[in-house]
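Let me begin by presenting the structure, written as structure tokens, before commenting on it.
In structure tokens, the structure reads:
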């Protein structure tokens, strides 16, 4: 995971610069106002110009990033940071300063919008949440260092706000060098454009392994969305075990994995296919289905995490990998398969290309040849004792590496597979095609001869055991129906370049799953901003000054302005360990749990702040309570409500329109940010500090209700699986409305 972590850190330098700029303008605006004699409206405009710039650039950044890539947009962000810093250093008047702030906003908008997308598309699903919390951590780190600089300069006889703002250009050079010479392009974006060679090389660098065939197949399948996805359940095991379950031959199917010769023998569990109830925990989530206004999607995602507890993800990968090794079709006579594999190896030696190094010349499939429809009815022989021992000797699990066998896993304990389905056509001939299957072990594995978990080592299922698995089944992304008569041999038959979109797919926004995801993303972005965090950050020194913070530091001989800067810097310093805790919990407790746990603390701190400002107290006590409440508000906010909206928005949209959709959510973010920031000085003059925080408390209560009813838990799940769940959930909601 080292490659993915380093790339994520490099990308989040853009967020570090955003945090630096936020704190710098919060300190510099005090001196800017004095020099140019600004009124409260113009003062708010100077601060808000960067937000206006971010809003303007966001309207097109997503669509452009889906067109030309994530990396060029991050490079453009670093250039805009650099230019704006130079112009702010020079600014002779407030008009030039506003133009510089506008350019600065362009850089901020690109970074804030696209860094979460970039990290989500490059990070492994098991640590995606932690890496996507890095922007919050580095942003707060930038704020702390900036406040240290501003505090130090405030002690000078004549502090220069131009130097404060101009330092940004120096720091942006580091960001520029990293984006140009170190950051690779997103592998998911490369696959969406048919650039398979580059995607494979990037994945190998990010994962630190040569074998990325399973994840490559997953990225290709992620190009398809909005299909008729169904939820099914399978009992997976050896042929004799399924016979013991009285499975008829016609009920048995074979699931093919992306690894050469890999398959599982499975029996569908009838009676519950296509129903959300099929994945709902028999004990926990069933109760939430009766909650009024509860989104079925929330229940669906919750049931997945209840059925697959912590450490279950790795266990599921182990079990599936070993089942695949034991029930492999490699024991069958291979015939053409050997010839195909030789061809695949030959092409791999030529970087998957024929006649040159262009991806457009690729003709071999993305995965090894699978068993044909004629072979699918062949029952694999039961594994011999020797084969099991051989598998145990060669398994990396037995070598203590903790890795799964081969490349069947796609993250979070999920497995990618395909199945061949046939039906009788109108002309009496059989028609068929591959279907994509996302598998996950459901609950505790069962056995007539003992639990898998009770075996020595717990990694190899004994003869006669089976696994109960939940499955999301839909059409594969790149399967061509025109190839059915040509004896199809695998699901990935068409190269992505043949179907890759040259621009954003606007019609995809009308797909039910995408519309539902947009509702969740836009809603949580609006509510986050109207909880007031960015407005408070921009004006922290003035808010603390109005709260009487200078009383607390009077013995230090500091001016009111310097005292407010010092408290602001101390507050941002306290944020860092809080964000570090959030990074640890993001992929363990989960996004939804963190939000529901921290929002009540925000509400209580805001209510206490209101009370402290309404009740007559001594100046010292009032200042102490107000300062404590502001500090608690900041620290708790950055643990969850700060980073999670951007994390969620980067996870819930399909690859081909992810940039476009997250730009729409970011537009909601910036518009609400402008409203909050621009109105804050006016609100301070009209309703005071107590009134402002009273409004924020009301918004936090609304946020708590919205998140409980509408926001699902996405921890540890591959992006492609999350998208399919949204599609299923949206159709379930539509069906419920039609009943």
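In our numbering, the protein residues as written are 17 to 755.
C-beta: ideal position from N, C-alpha, C; glycine also.
The Cβ atoms of residue 539 and residue 726 sit closer than 8 Å to each other. Within the DSSP secondary-structure output, residue 454 pairs in a beta bridge with 432 and 488.
At a Cβ-Cβ threshold of 8 Å, residue 77 and residue 679 count as neighbours. Counting C-beta atoms within 10 angstroms of its own C-beta, residue 36 has 16 or more neighbours from the protein chains shown and is therefore classed as buried.
Residue environment for residue 435: buried (at least 16 other C-beta atoms within 10 angstroms of its C-beta). 8 Å or more divides the Cβ of residue 487 from the Cβ of residue 272. Inclusion of residue 93 and residue 69 in the CB contact set at 8 Å is not warranted, their separation being larger than that value. In this chain, residue 86 is not harboured by any beta strand (DSSP E); it is covered by the alpha helix (DSSP H) spanning 86 to 106. Unbroken alpha helix (DSSP H) stretches of 4 residues or longer found wholly inside the stretch 600 to 676: 607 to 630, 635 to 653 and 660 to 667, given in chain order.
About 6 Å separates the Cβ atoms of residue 131 and residue 31, confirming a contact at the 8 Å cut-off. Looking from the CA of residue 457, the closest CA among 253, 33, 548 and 530 belongs to 253. Using a Cβ distance threshold of 8 Å, residue 20 and residue 150 do not count as a contacting pair.
Note on the stretch 127 to 151: whole alpha helix (DSSP H) runs with a minimum of 4 residues are 144 to 147, in chain order.
Counting every other CB atom within 10 Å of its CB across the protein chains shown gives residue 45 a total of 16 or more, marking it as buried. Secondary structure at residue 176: coil, using DSSP grouped into helix, strand and coil. Looking at the backbone, the Cα of residue 87 and that of residue 67 are separated by about 22 Å. Residue 209 carries a coil assignment under DSSP once its states are collapsed to helix, strand and coil. In this structure, the CA atom of residue 638 is about 58 Å from the CA atom of residue 225. In the structure shown, residue 531 falls within a helical segment according to DSSP collapsed to helix, strand and coil. The stretch 655 to 664 makes contact with the stretch 611 to 625; the number of CB pairs closer than 8 Å reaches 3 or more.
Distance from the Cα of residue 528 is smallest, within the candidate group 677, 676, 148 and 747, for 747. For residue 44, there is no enclosing beta strand (DSSP E); the enclosing alpha helix (DSSP H) covers residues 29 to 52.
When Cβ pairs closer than 8 Å are counted between the two stretches, the stretch 44 to 58 is seen not to touch the stretch 664 to 674, the count staying below three. The beta carbon of residue 626 sits closer than 6 Å to the beta carbons of 706, 709 and 710 from its chain, once the five residues preceding and following it are set aside; these are given in chain order.
Taking a C-beta distance under 8 Å as the contact criterion, residue 154 and residue 28 qualify as a contact pair. Straight-line spacing of the CA atoms in residue 189 and residue 133 works out to 22 Å.
Under the criterion of beta carbons closer than 8 Å, residue 22 and residue 158 do not qualify as touching, at roughly 19 Å.
By the C-beta density criterion, residue 191 is buried, having at least 16 other C-beta atoms within 10 angstroms. Cβ contact annotation for residue 147 (same chain, cutoff 8 Å, sequence separation greater than five): 20, 21, 24, 135 and 139, in chain order. The beta carbons of residue 99 and residue 118 sit no closer together than 8 Å. Across the structure, residue 229 and residue 213 are spaced so that their CA atoms are roughly 12 Å apart. For residue 727, the three-state secondary structure derived from DSSP is coil.
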